[in-house]
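Peer 1:
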Amino acid sequence: MPRVPTSTYRVQLHAEFGFDDAAAIADYLRQLGISHIYCSPYLQAAPGSKHGYDIVDHHSVNEELGGSKAHERLSERLGEFHLGQVLDIVPNHMAVSGRRNRYWWDVLENGPSSPYATYFDIEWDSPDPRLRNRLLVPILGDHYGRVLSRKEIKVKRHEGEFYLEYFDHQLPVAPRSHPIILGPAAQACGSDYLAFLSDSFARLPAFTQTDRSSVVERHRDRAVIRNLLDRLLLEVPFIADAVDRVLDRLNNDEDALDNFVEHQNYRLAFWRTAEQDLGYRRFFDINTLVGLRVEDPQVFFDSHALILTWLRNGILDGVRIDHPDGLRDPRGYFERLRKEAGDVWIVAEKILEPGEPFRTEWPIDGCTGYDFLNESMSLFVDSENEREFTALYERFTGESSDYRVVCRDKKHRVLRDLLGSDINRLTMLFFDICELHRKHRDYTREDVIRALRETVACFPVYRTYVVPERDEISEDDIRYIGEAIDLAKANRPDIDPELLDFLNDILLLRVRGALETEFVMRFQQFTGPAMAKGVEDTVFYSYSRLISLNEVGGDPGRFGTSPREFHAFCEQVQKTRPHTMLASSTHDTKRSEDVRARINLLSEIPANWAEAVERWSAMNAKYKTDGMPDPNTEYFLYQTLIGAWPIGTCRLLPYMEKACREAKTQTSWHAPNETFEAATRAFIEGIYKDVQFLGDFKSFLQPLIEPGRINSLAQLLLKLTAPGIPDTYQGAELWDLSLVDPDNRRPVDYNFRRRLIAEIPLLDAEQVWSRIDEGMPKLWTIHHALRVRHEYPEAFQGAYTPLLASGSKSSHVVSYSRGADIVVVVPRLLLKLDRLWDDTALELPPGRWRNRLTGDEVPSRVQVGELLRRFPVALLARECNAPI
79 MPRVPTSTYR VQLHAEFGFD DAAAIADYLR QLGISHIYCS PYLQAAPGSK
129 HGYDIVDHHS VNEELGGSKA HERLSERLGE FHLGQVLDIV PNHMAVSGRR
179 NRYWWDVLEN GPSSPYATYF DIEWDSPDPR LRNRLLVPIL GDHYGRVLSR
229 KEIKVKRHEG EFYLEYFDHQ LPVAPRSHPI ILGPAAQACG SDYLAFLSDS
279 FARLPAFTQT DRSSVVERHR DRAVIRNLLD RLLLEVPFIA DAVDRVLDRL
329 NNDEDALDNF VEHQNYRLAF WRTAEQDLGY RRFFDINTLV GLRVEDPQVF
379 FDSHALILTW LRNGILDGVR IDHPDGLRDP RGYFERLRKE AGDVWIVAEK
429 ILEPGEPFRT EWPIDGCTGY DFLNESMSLF VDSENEREFT ALYERFTGES
479 SDYRVVCRDK KHRVLRDLLG SDINRLTMLF FDICELHRKH RDYTREDVIR
529 ALRETVACFP VYRTYVVPER DEISEDDIRY IGEAIDLAKA NRPDIDPELL
579 DFLNDILLLR VRGALETEFV MRFQQFTGPA MAKGVEDTVF YSYSRLISLN
629 EVGGDPGRFG TSPREFHAFC EQVQKTRPHT MLASSTHDTK RSEDVRARIN
679 LLSEIPANWA EAVERWSAMN AKYKTDGMPD PNTEYFLYQT LIGAWPIGTC
729 RLLPYMEKAC REAKTQTSWH APNETFEAAT RAFIEGIYKD VQFLGDFKSF
779 LQPLIEPGRI NSLAQLLLKL TAPGIPDTYQ GAELWDLSLV DPDNRRPVDY
829 NFRRRLIAEI PLLDAEQVWS RIDEGMPKLW TIHHALRVRH EYPEAFQGAY
879 TPLLASGSKS SHVVSYSRGA DIVVVVPRLL LKLDRLWDDT ALELPPGRWR
929 NRLTGDEVPS RVQVGELLRR FPVALLAREC NAPI
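One gets this note's numbering by counting positions in the sequence shown from 1 and adding 78 to each.
Given below as structure tokens:
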């Protein structure tokens, strides 16, 4: 079996859909034409994980999915049907999940002296003396003193182990605090042995001693002493009783308990303190996902041992790398992974901004397809109507349509409200660098943080990849850094331009040193989270001009893609990364491919859309409470209804709550505005009961449903035939009007899909189209296109050549050939076309061609209207015995 897939099918594994459930659909996937199942992460994750990205143990398979035995059954079942397997892996972070993450538990217990302290990206040498050699643990629901006085923190014992308990949280106790319990207990019960153990804990090497011999000695001796204490307390009940009496007094003495807590290697704190004071790198703003230092070979091999075994043994044929931009040195990571894994398929979740080239020096096959998703989807946006659409958006909502300005403003907000601790760490490092250079030593911390915030807010891509150790800096990186610095100067004339020039010189390696190197690497790890939280998770929910464009890796400020731009993109992909992944819906997309395809139609009818929105707004004004929801939320809601209808309030209400909180304009996750949220819920419930509105809305929507489905089929066929490896997201082989997670992770009815695919050999194109409401045309297209990929493998590794139609409607055709044997034809901008193709025609390469979606033989010069008469997209294959 080839290790590079011809197609993948993404499944989301969790407790309700585990390994055995995935194994049960192997035969169906084979019938569909899939070559590889593509699984969400399935190493041991935190309990109840719905996604698998919160890994706690890299050496075991997730028990909630069925464990190692069920994993073996899945692998065997896939082998029976000649299916390969690709796994999503998570090198950037681990979950903080109590004692389940034994590495993190050890770090909390032993501080910098833990043998795993170097596994995590922790700043032990904090400028804040309260946090020097201590970790901030922001889990409290209130201020520490209030929590303590309410006796919500307790010291507990299990055999010889002591731990702190705060509701569902458990935290280990530092060895140096054991004598606070054991000393008084030994004195009370007269046990010299217990006193000896207490003194032995006190004599362990200090938690600040991090040389190897001290770490080994402490780790070894601590384990021996603990074992002895376990036995003593199990075998001598009166000594255990003495210990428990001390614990009872401790838990009822606020001052004593405070003293005990202060002896730990962590600082318990109110959860809001993480916004400014957290001393470790996180995944974005999620405090419970701590960054791994996978650049350390020991950490790499420890965290990848099981994955590499599966790759070497052929259990896995490839991996998808989650969030590589979080890594210190992505290229170095990819090079090590390639060396150890060999010739397997490797793709990375690299989010490319429009126009940003893929890093060809990375020894991987490509990215996970968001670039293709946006290029292909934007083909179906009518760029000629941008001005009218912009005017409507500004008039109705009163919001700015300047996408770049909105991005900068929202990035500033998350830098202040969500990523404050990260920017503070970066600020202190830059401030220390300024102190080393007399020309810059008089800048204040406020000067430095303003310069950093503005530069990060202006950064045009997720990150750069400068590596001082390799003296590596590309022309693209020089351009991106320069663009950010120039914009920062233009936006903030109050920031000393010499300070920004100094920052520019550091990032471009013109100023060198140990601190400078550390700053460059940390800065690059930080701009990605700022982009993700500020744009993906904020702007994409608040900039509502045309929300189908608000997709990961997209540019909502760019209103549409021309066929020429799409062809240029595909030609570049074929040239540089022909085995990259192609996606249209994923577990992370804001809206499914079918939702976006329908919303795109609005770009073709701005006048009708404007009239409808104004009419609905007037009609529904009576359901507002004190002007809430605001016009931008209302405009976002109407577009959502267009894309996702029919959708019940059971799905729409939680979605709109999430969307409004992500937008962070009227409410947010950190500061929910219940008044606004209640008004928005009441508004939605009101319009759902309004017969007049619903009748008007459905009358507007009905003419869009079939063209939206044709748009879906068109972008689907592009994905199945363009350069790269097409991925199908679970359930999306039929019409899927899902929104963002968790809406897109609802159960998939595979029994229904089995019945449909079993009927395919019995149907013709007209019968398939008559069953459009079931989704049969989409399943038909996937099945036949994947069969063609299997039959003509050389063609899909061959050249990508645009084919240009002639005639008055030629701009409504996207067509190209793959190799010498395949031609693809799809329509675009259907409402403007009104299906009147007139004289539009295509000249095919010489040979005898057959449309594999209808069975029709196709002449070398074909009228587009005739070609698409029986089925709205065309996949032509040269007959095998036909001369070229």
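Virtual Cβ for every residue (Gly too), placed ideally from N, Cα, C.
Which partner residues of Leu772 appear in the DSSP bridge assignment?
Peer 2: According to DSSP, which records beta bridges pairwise, Leu772 is partnered with nothing at all.
Peer 1: Can you list, in chain order, the residues of its chain whose CB lies under 6 Å from that of His297, leaving out five sequence neighbours each side?
Peer 2: Pro193
Peer 1: Between Asn502, Thr84, His136, Val134, which lies nearest to Tyr116 when the distance is taken from Cα to Cα?
Peer 2: Checked all of Asn502, Thr84, His136, Val134; the closest Cα to Tyr116 is Thr84.
Peer 1: Quickly, what does DSSP pair Lys232 with across the bridge? List them, please.
Peer 2: Glu243
Peer 1: Express the C-alpha separation of Phe771 and Trp694 in angstroms, rounding to a whole number.
Peer 2: 7 Å
Peer 1: Name the two residues that bound the continuous alpha helix (DSSP H) containing Gly145.
Peer 2: 145-158
Peer 1: Please state the DSSP three-state secondary structure of Thr366.
Peer 2: DSSP, reduced to helix, strand and coil, places Thr366 within a strand of the structure shown.
Peer 1: Could you name the residues of the same chain whose beta carbon sits closer than 6 Å to that of Gly145, not counting the 5 residues immediately before and after it, in chain order?
Peer 2: Counting only Cβ-Cβ distances below 6 Å, and skipping sequence neighbours, we find Val139.
Peer 1: Any idea what DSSP makes of His490, helix, strand or coil?
Peer 2: helix
Peer 1: DSSP three-state call for Ile962: helix, strand or coil?
Peer 2: Residue placement at Ile962 is poorly supported in this model, since its pLDDT is 36, which falls under 50; the coordinates are not used for a value here.
Peer 1: If I follow the unbroken alpha helix (DSSP H) through Thr879, where does it start and stop?
Peer 2: First-last for Thr879: 878-881, but that is the beta strand (DSSP E), not the alpha helix (DSSP H).
Peer 1: Let me confirm a value: Trp927 is counted as buried when at least 16 other C-beta atoms fall within 10 Å, else exposed. Which label applies?
Peer 2: Trp927 is buried by the Cβ-count criterion.
Peer 1: Assuming Phe348 is part of the beta strand (DSSP E), what are its boundary residues?
Peer 2: For Phe348, the uninterrupted beta strand (DSSP E) run begins and ends at 344-348, by DSSP.
Peer 1: Over what stretch of residues does the alpha helix (DSSP H) that includes Asn502 continue unbroken?
Peer 2: 498-514
Peer 1: Starting from Met172 and walking both ways along the beta strand (DSSP E), at which residues does that stretch end?
Peer 2: Unbroken beta strand (DSSP E) run through Met172: 171-173.
Peer 1: Using alpha carbons as the reference points, say which of Ser454, His171, Arg212 lies closest to Val185.
Peer 2: Arg212
Peer 1: For a test of the three-state rule: what should DSSP assign to Gly612, helix, strand or coil?
Peer 2: helix
Peer 1: Keeping to the same chain, check which residues put their C-beta closer than 6 Å to that of Arg930; ignore five residues upstream and five downstream.
Peer 2: His862, Val866, Leu953, Ala955
Peer 1: Which residues mark the beginning and the end of the alpha helix (DSSP H) in which Cys67 is found?
Peer 2: Outside the shown range of the chain, which is 79 to 962, sits residue 67, and nothing can be said about it.
Peer 1: For Ile962, count neighbouring Cβ atoms within 10 angstroms of its own Cβ and tell me buried if that reaches 16, exposed if not.
Peer 2: For Ile962, the pLDDT reaches just 36, beneath the cut-off of 50, and the residue's location in the model is therefore unreliable, leaving the point undetermined.
Peer 1: Taking the alpha helix (DSSP H) that Thr196 falls in, what are its first and last residues?
Peer 2: Looking at the DSSP string, Thr196 is not in any alpha helix (DSSP H), and its letter there is neither H nor E.
Peer 1: Just how far apart, CA to CA, sit Ala965 and His515?
Peer 2: Look at the range of the chain in this structure, 79 to 962, and you will see that residue 965 is not part of it.
Peer 1: From what residue to what residue does the alpha helix (DSSP H) around His974 run?
Peer 2: As displayed, the chain neither begins before 79 nor continues past 962, which places residue 974 out of reach and without an answer.
Peer 1: Counting along the chain, where does the beta strand (DSSP E) carrying Ala93 start and finish?
Peer 2: Segment: none, Ala93 is in no beta strand (DSSP E) and carries neither H nor E.
Peer 1: Taking 6 Å as the limit between beta carbons, can you name the residues of its chain near Ile563, skipping five residues before and five after?
Peer 2: Leu578, Asn582
Peer 1: By a C-beta neighbour count over all protein chains shown, 10 Å radius and 16 as the cutoff for buried, is Ser227 buried or exposed?
Peer 2: exposed
Peer 1: On the three-state DSSP scale, how would you describe His114?
Peer 2: DSSP places His114 in strand when its eight states are reduced to three.
Peer 1: From this set, Ser670, Glu740, Thr605, which residue's C-alpha is nearest Leu405's C-alpha?
Peer 2: Of the listed residues, the one whose Cα sits closest to Leu405 is Thr605.
Peer 1: From this set, His341, Val294, Ile200, which residue's C-alpha is nearest Pro250's C-alpha?
Peer 2: His341
Peer 1: Buried or exposed for Lys742, please, with buried defined as at least 16 other CB atoms from any protein chain shown within 10 angstroms of its CB.
Peer 2: With 16 or more other Cβ atoms inside 10 Å of its own Cβ, Lys742 counts as buried.
Peer 1: Can you tell me where the beta strand (DSSP E) with Glu957 in it begins and where it stops?
Peer 2: Segment: none, Glu957 is in no beta strand (DSSP E) and carries neither H nor E.
Peer 1: With DSSP as the reference, label Gln744 as helix, strand or coil.
Peer 2: coil
Peer 1: Is Gly631 buried or exposed, if buried means 16 or more other CB atoms sit within 10 Å of its CB?
Peer 2: With 16 or more Cβ atoms within 10 Å of its Cβ, Gly631 is classed as buried.
Peer 1: Hey, quick one: how far does the beta strand (DSSP E) through Thr806 stretch, first residue to last?
Peer 2: Thr806 -> beta strand (DSSP E) spans 803-807.
Peer 1: Skipping 5 residues on each side, what residues in its chain have a beta carbon closer than 6 Å to that of Leu165?
Peer 2: Cys117, Leu394, Val397
Peer 1: Once the 5 residues before and after Pro402 are set aside, which same chain residues still bring their CB inside 8 Å of it?
Peer 2: When the five nearest sequence neighbours on each side are left out, the beta carbons in the same chain lying within less than 8 Å of the beta carbon of Pro402 are those of Pro169, Asn170, Pro408, Tyr411, Phe412, Ala426, Glu427, Lys428, in order along the chain.
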